[in-house]
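Read in order, the letters of the sequence shown are residues 52 to 222 in the numbering used here. The C-beta atom is built at its ideal place from N, Cα and C for all residues, glycine as well. Just so it is clear, the structure is predicted and the values come from calculations on it, not from any experiment. Here the structure is laid out as structure tokens; the discussion comes afterwards.
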Amino acid sequence: MIKRVTGEQCLAIGIILIGFVMAWQISDIPENAGYAGIGPRFFPSLVVAGLIVAGGALLMQRRHRDTPDTILSDGEDDTEQLEAEEDAARGPADWHMFAIASGSLLAHMALIGLIGFTLAGTLLCFGICRALDTKRPAIDLVLSFLLALGLYHMFKILGLNLPALITGGFL
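Set out below in structure tokens:
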């Protein structure tokens, strides 16, 4: 019996294909184009590796069900019934969370040149925390700032310039 490809499997295959297309495109980046010590292909290669690994993990993930995929007693395939039960158990999409997360990302992209990486990154991270409805917003804000500040200085150590709030400053 041939099983139907599920939406999750199509998504996983799509993610893997995007990773391979990006890997092919990375070969067009000249090696000597960057001014940083690590080269211009390093971060895109990390993204490609993450996409391929995540797509492979999603593809290999097995669904945990109470009953195995079998043929029902009347001879019909129960795949559609099981998918409908999974959709019902998953519940409706949380569009409020999606709107907050998307707005945070858009605000980050719009503000990074104006207020610098550290503050824009803080707003992005804190916005994601708000979208996930965490219970301690004060701690989220402090940890978001520390994470963004740490990333800013890590990139500075690597020789990559990020927009700063004060030119040549700490932020």
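Query: For residue 184, name the three-state secondary structure that DSSP assigns.; Result: coil
Query: Pairs of beta-carbons, one from the region 149-160 and one from the region 175-188, closer than 8 Å: are there three or more?; Result: yes
Query: Tell me the rounded alpha-carbon separation between residue 168 and residue 93.; Result: 20 Å
Query: Going straight from the alpha carbon of residue 166 to that of residue 196, what length do you get?; Result: 13 Å
Query: Are residue 158 and residue 170 close, meaning C-beta to C-beta below 7 Å?; Result: no
Query: Does the beta-carbon of residue 199 have 16 or more other beta-carbons within 10 angstroms, so that it is buried, or is it exposed?; Result: buried
Query: What does a CB cutoff of less than 7 Å around residue 191 pick up in its chain, not counting 5 residues either side in sequence?; Result: 177, 180, 185
Query: Since residue 210 is in the alpha helix (DSSP H), which residue starts that stretch and which ends it?; Result: Premise fails: residue 210 is in no alpha helix (DSSP H) and is neither H nor E.
Query: Taking the Cβ atom as the reference point for each residue, do residue 66 and residue 102 lie within a distance shorter than 7 Å?; Result: yes
Query: As a quick exercise: from 207, 57, 79, 205, pick the residue whose alpha carbon is nearest that of residue 110.; Result: 57
Query: Taking its Cβ as the centre, do 16 or more other Cβ atoms sit within 10 Å of residue 210, making it buried, or is it exposed?; Result: exposed
Query: Are residue 70 and residue 99 close, meaning C-beta to C-beta below 7 Å?; Result: yes
Query: Excluding the 5 residues flanking residue 95 on each side, which residues of the same chain have their C-beta closer than 6 Å to its C-beta?; Result: 77
Query: Evaluate residue 164 with the Cβ neighbour count: other Cβ atoms within 10 Å of its Cβ, from every protein chain shown; 16 or more gives buried, anything less gives exposed.; Result: exposed
Query: Kindly indicate which three-state DSSP category residue 92 falls into: helix, strand or coil?; Result: coil
Query: Would you mind reading off the limits of the alpha helix (DSSP H) that contains residue 59?; Result: 58-77
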